[in-house]
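Take the sequence shown: its position 153, counting from 1, is numbered 152 in numbering that gives the first Met the number 0, and each next residue is one higher.
For glycine and all other residues, C-beta sits at the position ideal for the given N, C-alpha and C.
In what follows, a structure is listed as structure tokens, so that the remarks can point back to it.
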Amino acid sequence: MVVYMYLIYASIGVGFLALLIVVCLALRIVRVNVDNQDMNRVSGYIKEATGAFIKRHYKTILIFMIAPLIPLILFNVYIALSFFAGALLSLLSAYISLRIAVEANVRTAYISMISPFRAFKLAFNGGAVVGLSTVSLSLIGIGLLYLLFQNPFYLVGFGFGASLSALFTQLGGGIFTKAADIAADLVGKVEHRISEDDPRNPAVIADQVGDVVGDCAGRGSDLFESLSDDYVTAMILGSMFMGRFGVNALAFPLLLGASSILATLVGLSLINFSSRGKPALIFNLGLIVTAVFCVSGSFIVSTLILHDFNVFLSILSGLLASLAVGFVVQYYTGFGSRPVRRVADASKRGAAINILTGFSYALQGPFLPILMVASAFLFSYIVTNGSIYGILGANLGTDLAIGFIMSGDAFGPICDNAAGIAEMTGFRVFNRGLDELDALGNTTKAYTKAFASSSGVFSTLVIFMTYSEIVNFWDINFRVMSPIFVAGLLIGASLSFIFSSMVIGATSKTALELVDIIRNYFKENPDVLEGRVKPDYARCVDAATSLSLKRMIIPGFIAMLPPILIGFALGKYALGAMLLGGLSSSAILSPMFTFGGGLWDNSKKYIEKDFWMKGTPTHEAAVIGDTVGDPLKDVAGPSLNIFMKLMNMVALLIAPILLSL
0 MVVYMYLIYA SIGVGFLALL IVVCLALRIV RVNVDNQDMN RVSGYIKEAT GAFIKRHYKT
60 ILIFMIAPLI PLILFNVYIA LSFFAGALLS LLSAYISLRI AVEANVRTAY ISMISPFRAF
120 KLAFNGGAVV GLSTVSLSLI GIGLLYLLFQ NPFYLVGFGF GASLSALFTQ LGGGIFTKAA
180 DIAADLVGKV EHRISEDDPR NPAVIADQVG DVVGDCAGRG SDLFESLSDD YVTAMILGSM
240 FMGRFGVNAL AFPLLLGASS ILATLVGLSL INFSSRGKPA LIFNLGLIVT AVFCVSGSFI
300 VSTLILHDFN VFLSILSGLL ASLAVGFVVQ YYTGFGSRPV RRVADASKRG AAINILTGFS
360 YALQGPFLPI LMVASAFLFS YIVTNGSIYG ILGANLGTDL AIGFIMSGDA FGPICDNAAG
420 IAEMTGFRVF NRGLDELDAL GNTTKAYTKA FASSSGVFST LVIFMTYSEI VNFWDINFRV
480 MSPIFVAGLL IGASLSFIFS SMVIGATSKT ALELVDIIRN YFKENPDVLE GRVKPDYARC
540 VDAATSLSLK RMIIPGFIAM LPPILIGFAL GKYALGAMLL GGLSSSAILS PMFTFGGGLW
600 DNSKKYIEKD FWMKGTPTHE AAVIGDTVGD PLKDVAGPSL NIFMKLMNMV ALLIAPILLS
660 L
């Protein structure tokens with residue numbers, strides 16, 4: 000018993016080491032001096048708007064956290080405390096992401112004029128702050144709470160809090176960013192022939208803020224939730240395997256997470272010690288090195304702690320499946336890939352053909368990622384002789400590279416913001432190094448969305464399996480074709496569509512109101528288009544913030560309430576069927592939205608690489624396709640990942656009650 004406690008202490012120590020490095024990297028970034036008044040002025044607008052969003056958004060989320068906190072205290076005070084800790088650490092992770100992103104973007108823009116490679120390292124260090132804070136806070140939170148409670152089931156509250164916080168962060172941030180992006184595109188590019196980064200566009204600052212809110216805070220919250228949920232379910236299932244592995248089964252998930260953080264630090268060090276080279280090549284090399292050290296670490300932990308080589312093989316299968324998704328992403332959404340070129344060519348025949356061609360490819364998107372997840376799922380089950388602990392190992396394997404992958408994801412919006420700042424201040428035309436960084440950032444963001452989707456499917460499967468074990472879902476009374484099971488299955492499958500409809504509709508309504516605000520603003524202030532008067536950026540930011548917060552509420556309740564209603568009205572079998580139905584439809588819709596949106600986005604960029612194409616009917620058709628795809632890939636797709644996990648965490652939370660009914 001003493002040994003496994005020391006292992007948990009050691010894991011927590013690695014988490015604090017990562018936080019120390021986060022502080023060092025952040026200080027290193029903010030000490031970079033920006034000797035450009037125009038860039039500092041634009042950066043000030045972005046910081047001010049981001050701060051205003053954080054204040055209003057967090058105040059709203061904390062209010063909604065109180066509602067479930069009260070019944071949780073009555074149910075179990077330890078679970079309530081765990082819930083509060085999970086929500087708070089998730090919000091802290093998102094806050095760190097936002098603050099460092101708005102500090103790194105202007106410095107990346109400025110340094111890129113001196114040395115594009117130095118700008119690459121600076122931006123990636125900004126991303127590393129996001130990635131390391133995400134994985135370390137989750138590990139520290141789970142580890143300390145277990146030491147406090149000594150009961151893994153009480154940690155379910157942590158996963159529930161992280162899931163609820165992630166959903167509202169993703170929904171609020173996603174609706175904000177895409178509404179601002181759509182408004183900036185439609186009014187700017189289509190109606191007035193100015194880019195979304197043109198300083199005359201009133202939505203330009205809201206668009207810049209939206210980039211960091213959606214891609215840094217939103218994605219960070221999503222992966223924080225996935226990692227936390229996986230730790231929680233691994234420790235709960237681990238407690239059921241103590242007869243086979245001993246008490247080390249409780250420390251194993253945290254120790255594996257600590258080894259992956261050390262592997263991430265090695266990969267990040269490789270990037271920091273590089274002195275020259277192509278950024279894309281250095282990034283890929285860093286990812287490969289991180290993966291190799293993750294494999295080495297998982298081998299050591301599996302064989303020394305669990306003394307089971309087959310568990311290592313299952314972990315390896317999960318890691319390979321999560322990394323292999325990147326190749327599928329590159330095929331469907333990579334700049335210049337065959338599908339992208341075909342959608343770009345279809346734009347010559349109008350927006351309708353552009354959308355139909357893109358949608359046909361989007362329908363293909365889910366097959367290969369799901370096939371990879373299913374293969375890892377089956378392999379891990381077979382290689383461990385039919386043990387669900389093998390599936391648990393594969394699920395933990397999908398989490399091993401989260402730190403590095405999240406670093407790459409946050410790198411994207413930092414470079415995107417840097418390019419926007421350079422455009423707004425008139426330095427973009429003299430700085431083509433940012434184009435390469437921006438292109439790499441788009442690739443890393445697309446990869447992370449697909450990674451989050453496949454990882455989310457695996458996480459949800461394991462949460463469902465944990466629920467099944469607790470309520471004895473597969474007992475002799477279970478019948479697949481019972482009316483209650485079929486009803487639950489159909490209801491669950493339809494919930495993902497209702498949720499997606501609400502999310503896309505909320506984004507559309509918010510964008511519609513922002514478009515009207517910008518149009519009226521141009522009518523009231525015609526001098527803005529002439530460049531003689533500075534636009535009122537705060538007006539768009541305030542409108543986008545208030546509207547997005549108002550419209551994230553109903554989709555949030557759609558994720559929380561159905562498991563409770565179905566569970567208590569129809570019982571544990573119907574709830575289990577509903578969870579399976581929701582998982583199946585979400586696992587298909589999420590990558591479909593992500594791949595389709597990325598495809599339309601890059602087909603537009605493929606057309607824009609020829610400068611003379613901008614403003615032509617072909618370009619306008621591509622812009623319309625991209626506008627349709629934006630809320631799909633940046634709001635609905637990522638939100639579905641959280642939606643299916645949150646439903647299962649709610650079910651896991653009420654499982655002991657259902658068992659007693």
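- With contacts defined by Cβ atoms closer than 9 Å, Gly217 and Met648 do not form a contacting pair.
- Apart from the 5 residues on each side of it in sequence, Thr263 sits with its Cβ closer than 6 Å to the Cβ of Thr289, Gly402, Phe403 in its chain, given in chain order.
- Distances from the CA of Ser273 to each of Phe116, Phe308, Val300, Ile354 were compared; the closest alpha carbon is that of Phe116.
- Tyr109 is the residue among Ser81, Val101, Ala79, Tyr109 whose C-alpha sits nearest the C-alpha of Asp34.
- If one requires a minimum length of 4 residues, the alpha helix (DSSP H) runs lying completely within the region 558 to 607 are 571 to 607, in chain order.
- Beyond the five residues adjoining it in sequence on each side, Ser96 comes within less than 6 Å, by CB distance, of Val129, Cys215, Ala216, Gly219 in the same chain, given in chain order.
- Secondary structure of Asn104 (DSSP, three-state): helix.
- Taken in chain order, the unbroken stretches of alpha helix (DSSP H) that lie wholly in the region 366 to 430 and span 4 residues or more are 366 to 382, 387 to 398, 401 to 423.
- Counting along the chain, His306 sits inside no alpha helix (DSSP H), nor does DSSP assign it H or E at all.
- In the three-state reduction of the DSSP assignment, Gln36 falls in the helix class.
- In the three-state reduction of the DSSP assignment, Gly276 falls in the coil class, being assigned neither a helical nor a strand state.
- One alpha carbon belongs to Phe334, the other to Ala375, and they sit about 29 Å apart.
- Proximity of the region 376 to 388 to the region 66 to 73 falls short of the contact definition, fewer than three beta-carbon pairs being nearer than 8 Å.
- Going by DSSP, Pro115 is part of the alpha helix (DSSP H) stretching over 115 to 148.
- With contact defined as three or more Cβ pairs closer than 8 Å, the region 17 to 29 and the region 501 to 516 are not in contact.
- For the alpha helix (DSSP H) assignment, the region 448 to 516 encloses no uninterrupted run of at least 4 residues.
- Look at the beta carbons and you see the region 0 to 12 not touching the region 50 to 68: under three pairs across the two are nearer than 8 Å.
- Apart from sequence neighbours up to five positions away, the residues of its chain that approach Leu489 with a beta-carbon distance below 8 Å are Gly580, ordered along the chain.
- Taking one beta carbon from each stretch, the region 497 to 507 and the region 171 to 184 have 3 or more pairs nearer than 8 Å; the two touch.
- Per DSSP, the unbroken alpha helix (DSSP H) holding Tyr360 starts and ends at 350 to 363.
- Ser585 and Leu598 have their alpha carbons spaced roughly 20 Å apart.
- Secondary structure at Arg30: coil, using DSSP grouped into helix, strand and coil.
- The C-beta of Ala343 has 16 or more other C-beta atoms within 10 Å across all chains shown, which makes the residue buried.
- Taking a 10 Å sphere around the C-beta of Phe496, we find fewer than 16 other C-beta atoms and assign the residue as exposed.
- By the Cβ test, the region 228 to 240 is in contact with the region 458 to 472, since at least three Cβ pairs between them sit closer than 8 Å.
- When DSSP states are grouped into helix, strand and coil, Phe521 belongs to the helix group.
- For a cut-off of 8 Å, the C-beta gap from Ala573 to Ile483 is around 5 Å, short enough to register as a contact.
- In its chain, beyond the 5 residues on either side, Leu136, Gly140 have a beta carbon closer than 6 Å to the beta carbon of Leu88.
- Between Val105 and Ile420 the beta-carbon gap is near 6 Å, inside 8 Å, which marks them as a contact.
- Assignment of Gly245 by DSSP, reduced to helix, strand and coil, places it in the coil class.
- Sequence-distant partners of Val502 (beyond 5 residues in either direction) whose C-beta falls short of 8 Å from its own C-beta, in its chain, are Leu170, Gly173, Ile174, Pro554, Pro630, Val634, Ala635, Ser638.
- A straight line joining the alpha-carbon of Val339 with that of Phe358 spans about 12 Å.
- For the pair of segments examined, the region 536 to 549 was found to touch the region 198 to 210: the number of CB pairs separated by less than 8 Å reaches three.
- Contact between the region 621 to 629 and the region 436 to 444 is absent: fewer than 3 CB-CB pairs across the two stretches fall below 8 Å.
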